[in-house]
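According to the working numbering, the sequence shown is numbered sequentially starting from -4.
Using N, Cα and C, we set each Cβ at its ideal position, and we do this for glycine too.
Worksheet: the structure to be examined is printed underneath.
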Amino acid sequence: MAYRKLGRDNKHRRSMLATMTKQVVMNESISTTETRAKEVRKSVEKMITYGKKGDLVSRRKALAFLHNDTEVVAKIFDDLAKRYENRNGGYTQILKLTERRGDDALMVVLKLVEEAK
């Protein structure tokens, strides 16, 4: 699987992705750089897919990735899984903002898609 290193070693990168995934799930949107958003998108989509499966193995995989944060996992399995039960992927969207002032990194908003009812 190809992934971006994001200028971090393995432990720091995995921890950062888990933390950003938690923030997306709890706040339903975050503002970050484009490259980070594209990496976090993968893990958010995977966590929601685990939630839609709903079995014990999926719950344990989600807990392992999200550092045993039961509040976030409960929101994924109880709220988000029901919200996206009729949707086959594409749970997030990236909206481009402007460049960051210090280093011209492209800033974006990563947010969960609002399900049309």
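Buried/exposed call for residue i, threshold 16 Cβ in 10 Å
i     : result
Thr65 : exposed
Sequence-distant residues of its chain with Cβ nearer than 7 Å to residue i (five each side left out)
i     : result
Thr93 : Met102
Glu23 : Lys106 and Leu107
Straight-line gap, residue i to residue j (C-alpha atoms, nearest Å)
i     : j     : result
Ala59 : Lys17 : 12 Å
Thr27 : Asn5  : 20 Å
Arg9  : Lys0  : 10 Å
Nearest candidate by alpha-carbon position, reference residue i, set the options
i      : options                        : result
Leu107 : Leu12, Thr28 and Glu40         : Glu40
Met21  : Arg54, Lys47, Lys0 and Ile43   : Ile43
Lys37  : Lys48, Leu12, Lys0 and Lys56   : Leu12
Gly113 : Leu105, Leu75, Val35 and Lys33 : For the chain, the structure presents residues -4 to 112; residue 113 sits outside this window and is missing.
Thr87  : Arg9, His7 and Val35           : Val35
Close beta carbons around residue i, own chain, < 8 Å, minus the five adjacent residues each side
i     : result
Leu29 : For the record, residue 29 in the displayed sequence is Glu; it is not Leu. The answer, listed in chain order, is Ile89, Lys91, Ala100, Leu101, Met102 and Val103.
Val19 : Ile25, Val35, Val39, Thr87, Leu105, Lys106 and Leu107
Residues near residue i in its chain [Cβ-Cβ closer than 6 Å; skip 5 each side]
i     : result
Met15 : Val35
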